[in-house]
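Colleague: The working numbering numbers the first residue of the sequence shown as 21 and each following residue consecutively. Submitted below is the structure of interest, expressed as structure tokens.
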Amino acid sequence: MGLHEDNPAKFPLDAVQSTCLVNIGAGSDTTSISLCSILYNLMTHPDALQKLRDEIDQKLQELGDATQIPFKDTQAMPYLQACIKEGLRLHLATGLPLARVVPQGGATISGTYFPQGTVVGTNTWVAHRNPQVFGEDVEAFRPERWLDLDKQRLSAMELCWMPFGAGSRTCIGKNISLLEMNKLVPVLVREFDFVAYDPIKVTHEDYWLVKQRNMMCKVSRRGPREMDIITTMVNNTST
21 MGLHEDNPAK FPLDAVQSTC LVNIGAGSDT TSISLCSILY NLMTHPDALQ KLRDEIDQKL
81 QELGDATQIP FKDTQAMPYL QACIKEGLRL HLATGLPLAR VVPQGGATIS GTYFPQGTVV
141 GTNTWVAHRN PQVFGEDVEA FRPERWLDLD KQRLSAMELC WMPFGAGSRT CIGKNISLLE
201 MNKLVPVLVR EFDFVAYDPI KVTHEDYWLV KQRNMMCKVS RRGPREMDII TTMVNNTST
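So this is what it looks like as structure tokens:
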């Protein structure tokens with residue numbers, strides 16, 4: 021509103037409304053969908069969950085008296101980053117192609133000419149399941165795929181990883197969404213246990229956002245024994 025009051029011609033009321041919609045509506049839904057994917061895959065892959073918890077505990081030991089991990093320190097946690105990337109690779113928050121309009125003069129894309137004005141797009145769900153890029157086990161949740169590759173292969177994966185789009189039209193909420201995930205995931209998996217209902221029958225609704233349904237699980241605070249062990253480890257390191 022301050023921008024609107026300072027320069028209503030440059031930042032009219034409809035811009036205020038659209039900004040609120042993006043920040044409150046689009047931003048919250050997409051991040052919650054992404055978090056659901058990460059947590060669902062972790063709770064159904066206990067080995068990966070334990071590896072992540074071990075990395076979180078190790079980082080807290082390094083930080084001494086800290087009870088939470090600052091964002092800048094999460095960037096030095098390779099397994100956390102791999103879990104986030106893998107969760108977003110398997111389930112993107114949006115389901116429609118990233119539509120773009122071919123500019124004046126036309127464009128040749130992968131050997132095919134498209135005249136100007138043509139709407140083209142990339143289906144990121146398909147791109148994220150390209151076995152030539154991500155390996156034959158593209159349907160599997162395997163964070164290690166982001167850790168055990170040579171630089172050339174990893175670069176190709178990074179190029180095809182597009183949960184926030186790509187280029188000049190990359191989602192404007194990308195950075196805040198990643199910040200939220202990097203802050204929330206370590207706290208949630210360290211403090212709580214997630215147990216999926218058996219059998220779990222997750223369905224999806226795609227109306228632009230691809231929302232998970234029936235993702236039923238039991239959430240409980242981790243027992244005092246586990247938390248006491250972790251607290252003791254942290255305290256012993258800080259003394």
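We put the beta carbon where it would ideally sit given N, CA and C, even for glycine.
Let's test the definition: count the other Cβ atoms within 10 Å of the Cβ of TRP166 and tell me whether it reaches 16, buried, or not, exposed.
Modeller: Position 146 of the sequence shown holds residue 166. Classification for TRP166: buried.
Colleague: Could you check the C-alpha separation between ASP34 and ASN27 for me, to the nearest Å?
Modeller: Mapped onto the sequence shown, residue 34 falls at position 14. Mapped onto the sequence shown, residue 27 falls at position 7. Their backbone Cα atoms lie some 13 Å apart in a straight line.
Colleague: Count the other CB atoms, across all protein chains shown, that sit within 10 Å of the CB of PRO66; report buried if there are 16 or more and exposed otherwise.
Modeller: The residue given as residue 66 occupies position 46 in the sequence shown. Burial call: exposed.
Colleague: Do the stretch 221-230 and the stretch 94-106 touch if we need at least three Cβ pairs shorter than 8 Å?
Modeller: Touching, no.
Colleague: Taking only the alpha-carbon atoms, compute the straight-line gap between TRP228 and ASP85 and give it to the nearest angstrom.
Modeller: Walking along the sequence shown from the start, residue 228 turns up at place 208. Walking along the sequence shown from the start, residue 85 turns up at place 65. C-alpha separation (whole angstroms): 43 Å.
Colleague: Is ILE76 helix, strand or coil by DSSP?
Modeller: Counted from its first residue, the sequence shown places residue 76 at position 56. Note: ILE76 maps to helix in three-state DSSP.
Colleague: I need the boundaries of the alpha helix (DSSP H) containing PHE154, first residue and last residue.
Modeller: As a first step, residue 154 must be located in the sequence shown, where it is residue number 134. PHE154 -> alpha helix (DSSP H) spans 151-154.
Colleague: Quickly, what does DSSP pair LYS238 with across the bridge? List them, please.
Modeller: Counted from its first residue, the sequence shown places residue 238 at position 218. According to DSSP, which records beta bridges pairwise, LYS238 is partnered with VAL215.
Colleague: Over what stretch of residues does the beta strand (DSSP E) that includes ARG189 continue unbroken?
Modeller: Locating residue 189 in the sequence shown gives position 169, where the first residue counts as 1. Segment: none, ARG189 is in no beta strand (DSSP E) and carries neither H nor E.
Colleague: Any idea which residues DSSP pairs ASP226 with across the strands?
Modeller: Residue mapping note: residue 226 aligns to position 206 of the sequence shown, counting from 1. For ASP226, which the question treats as bridged, DSSP gives the partners VAL230.
Colleague: Taking all protein chains shown into account, decide if ASN234 is buried (16 or more other Cβ within 10 angstroms of its Cβ) or exposed.
Modeller: The residue given as residue 234 occupies position 214 in the sequence shown. Counting Cβ neighbours within 10 Å, ASN234 comes out exposed, since fewer than 16 surround it.
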